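Reading through the C-alpha cells given below for one structure.
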Amino acid sequence: MTTGVLRNPDFLRFLGSHVSNELGANIARVAFPLVAVLTLHATPFEVGALSALQSAAFLIVGLPAGVWVDRLRRRRVLLTSDLARFLLLGSIPLAALLDLLSMPLLYAVALLSGIAQVFNDVADQTYLPTLVAKDGLADGNAKLELARSGGALAGPGLGGLIAQLLGPPTAVLATSLGALSSVVLLATIGRSEPRPPVSERSGMWAEIREGLSFVWKDRLQRSIVVATMATNLCVSAVLGLSVMFLSSVVHLAPGVIGVLLVSGAVGGIIGGLLAARLFERYGTAKVTWLALALSSPFGLLLPLTEADWRISFFAAASVMLSIGAILYNIGTITYRQTVAPPRLLGRVNASVRFLVWGAMPIGAFAGGLVAQQIGVREALWVFMCGRLLSFLPLLFSPLRGLRDFAENQASS
Numbered sequence: 239m240t241t242g243v244l245r246n247p248d249f250l251r252f253l254g255s256h257v258s259n260e261l262g263a264n265i266a267r268v269a270f271p272l273v274a275v276l277t278l279h280a281t282p283f284e285v286g287a288l289s290a291l292q293s294a295a296f297l298i299v300g301l302p303a304g305v306w307v308d309r310l311r312r313r314r315v316l317l318t319s320d321l322a323r324f325l326l327l328g329s330i331p332l333a334a335l336l337d338l339l340s341m342p343l344l345y346a347v348a349l350l351s352g353i354a355q356v357f358n359d360v361a362d363q364t365y366l367p368t369l370v371a372k373d374g375l376a377d378g379n380a381k382l383e384l385a386r387s388g389g390a391l392a393g394p395g396l397g398g399l400i401a402q403l404l405g406p407p408t409a410v411l412a413t414s415l416g417a418l419s420s421v422v423l424l425a426t427i428g429r430s431e432p433r434p435p436v437s438e439r440s441g442m443w444a445e446i447r448e449g450l451s452f453v454w455k456d457r458l459q460r461s462i463v464v465a466t467m468a469t470n471l472c473v474s475a476v477l478g479l480s481v482m483f484l485s486s487v488v489h490l491a492p493g494v495i496g497v498l499l500v501s502g503a504v505g506g507i508i509g510g511l512l513a514a515r516l517f518e519r520y521g522t523a524k525v526t527w528l529a530l531a532l533s534s535p536f537g538l539l540l541p542l543t544e545a546d547w548r549i550s551f552f553a554a555a556s557v558m559l560s561i562g563a564i565l566y567n568i569g570t571i572t573y574r575q576t577v578a579p580p581r582l583l584g585r586v587n588a589s590v591r592f593l594v595w596g597a598m599p600i601g602a603f604a605g606g607l608v609a610q611q612i613g614v615r616e617a618l619w620v621f622m623c624g625r626l627l628s629f630l631p632l633l634f635s636p637l638r639g640l641r642d643f644a645e646n647q648a649s650s
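According to this note's numbering, the sequence shown is numbered sequentially starting from 239.
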C-alpha cells in the first residue's frame with residue numbers, strides 16, 4: 239500500500255489544523271470547568287449542566303449537519319465552524335476582562351461552540367477523501383488519530399498550567415486561538431474541492447433517512463455501529479466513574495490521578511504510530527475487529543487497581559484499551575470513507591456518529607446509577623465485562639472473514 243500522505247503538502251496543512259484544534263479542544267476540557275468553579279464559583283449542578291451542554295450538540299444537530307455537509311463544499315464548512323468557535327470562545331476572556339462573565343454566557347458558548355464542532359467533525363471526515371487517494375485513507379486517518387491522541391495527552395496539562403499561571407479565562411483564549419490557527423492552515427490548502435453534485439432535494443428529513451438507511455442496509459456497517467454503541471456505552475460509564483474510583487475508593491492523590499488519566503492518550507499515540515504498518519501487513523478489516531477483540535480483556539485489570547504496585551493495572555488497562563480503540567476507529571472510519579458514495583458521505587458520517595455518540599450519555603447515566611446501587615468498584619466490573627463482550631456483533635458479521643474492506647465491496 240503506497241500512500242505517502244506526509245509528502246502531500248495539502249494533507250500536512252489539514253493535519254496541522256487538526257493539531258491546533260485537538261490541542262485547543264483538550265485545553266477546553268480543563269479550562270471550561272475551571273472558569274465555572276474558580277471564577278464563577280459554580281455549584282456541582284451547574285458544572286454538570288455545563289458538561290452536558292458541551293456534549294449535547296451532536297444529539298441536537300448531528301443528523302441535519304450531515305445533510306448540510308453533503309450540500310456544501312466541506313472545506314467551507316470547516317472554515318466557517320472554526321471561525322465561529324474562535325469568536326465564541328474568544329468572548330469568554332473578553333467578558334472576564336469587562337467583568338461581564340456569567341454562567342448563562344458560559345452555557346451559551348458551550349452549546350453554540352459544541353454545535354460548530356459537530357459541523358466541523360462531520361465535514362472533517364468527509365473532506366479527507368478529497369485530499370488523499372483511496373489507498374491512502376487508512377494512513378491519513380492514522381495520522382489524524384495520532385494528532386487527536388497527542389492533543390489528549392498534552393492539552394489537559396497545558397490547560398491546567400495556563401489556568402494556574404494566567405487564570406482560567408486565559409486558558410479558554412488559548413482554545414480560541416487554536417481554532418483561529420486552524421482557519422489559517424485550512425485557508426492555505428491549494429487543492430480545489432469539486433462542487434457537490436446538484437440534485438433534486440427531497441427535504442431535510444428525507445435526506446436524513448437516506449443516510450440512516452444506507453448505514454442500516456449495509457450489514458457490515460450495521461454490525462460496526464452496534465458494536466461501537468455497546469463499546470461507547472460501557473466506556474462512558476467507566477470514564478464517568480474513574481475519578482471517583484481513584485480518589486474515593488483507591489485513595490490516590492490528585493497528581494497521581496492526573497497522570498493515570500492521561501495514560502490512555504499514550505496508548506492512542508502508540509496505536510496511531512502502529513496503524514499504517516499493521517493495516518498493510520495484516521489487512522484493514524482483520525486489524526479492525528481484532529483490535530477491539532484483543533484489547534477488551536485488558537479492561538478487567540482496571541477494577542483490580544489498588545494504592546500499591548497494582549496502581550499499574552489502571553495504566554496498563556488504559557493504554558491497551560486506547561491502542562485497540564484507535565486502531566478500531568481508524569479502520570471503521572476508513573471503511574465508511576471507502577464504501578459511501580461522495581454525495582452521501584456527510585450524511586453517513588453524521589448518522590454513524592449520531593448513533594454511536596448517542597450511547598455515551600446513556601452510559602454515563604447508567605454508570606452512576608449502577609454505582610449508586612452496588613458500589614463504584616463493582617460497577618466497573620459490570621461495565622468492563624460489558625466492554626469485553628462488545629465485539630461480538632463483529633464476530634458474527636462479514637468482517638471476521640475479510641482481510642481488507644475492499645473484499646466486502648467486491649462481493650457485494
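Glycine included, C-beta positions come from ideal geometry on N, C-alpha and C.
Source: prediction; values computed, not measured.
- Under the DSSP assignment, His279 falls outside any alpha helix (DSSP H); it carries neither an H nor an E label.
- Within its own chain, the residues whose Cβ lies closer than 6 Å to the Cβ of Ser501, once the five positions on either side in sequence are excluded, are Ala553, Ser556 and Val557, listed in chain order.
- CA-to-CA, the gap between Leu310 and Leu278 works out to about 40 Å.
- The C-beta separation of Leu403 from Arg251 comes to about 31 Å, leaving the pair out of contact by the 8 Å criterion.
- In the same chain as Ala417, and ignoring 5 residues on each side of it, the C-beta atoms closer than 8 Å to its own belong to Ser258, Asn259, Gly262, Asp320, Leu321, Arg323, Phe324 and Leu327, in chain order.
- Boundaries cannot be given for Trp547, as no alpha helix (DSSP H) includes it and DSSP labels it neither H nor E.
- Within its own chain, the residues whose Cβ lies closer than 6 Å to the Cβ of Ser461, once the five positions on either side in sequence are excluded, are Pro631, Leu632 and Ser635, listed in chain order.
- Taken in chain order, the stretch 321-404 contains no complete beta strand (DSSP E) segment of 3 residues or longer.
- Three or more pairs of CB atoms, one per stretch, sit closer than 8 Å, so the stretch 399-413 contacts the stretch 265-272.
- Judged by DSSP in its simplified three-state form, Asn264 adopts helix.
- If the five residues before and after Leu349 are omitted, its C-beta is found closer than 6 Å to the C-beta atoms of Leu291, all from its own chain and listed in chain order.
- Following the DSSP letters along the chain, one finds Asn587 inside the alpha helix (DSSP H) bounded by residues Leu583 to Ile612.
- Closest in alpha carbon position to Ile330, among Leu484, Arg447 and Leu344, is Leu344.
- Burial check for Pro579: the Cβ neighbour count within 10 Å stays below 16, so the residue is exposed.
- Residue burial annotation: Ile612 is exposed, with fewer than 16 other C-beta atoms found within 10 angstroms of its C-beta.
- Taking 8 Å as the cut-off, the Cβ atoms of Gly300 and Asn470 do not count as close.
- When C-alpha distances from Tyr365 are compared across Ser419, Val307, Glu383 and Leu335, the shortest belongs to Val307.
- The Cβ atoms of Ala346 and Pro407 do not sit closer than 8 Å to each other.
- The beta carbon of Pro367 sits closer than 6 Å to the beta carbons of Gln575 from its chain, once the five residues preceding and following it are set aside; these are given in chain order.
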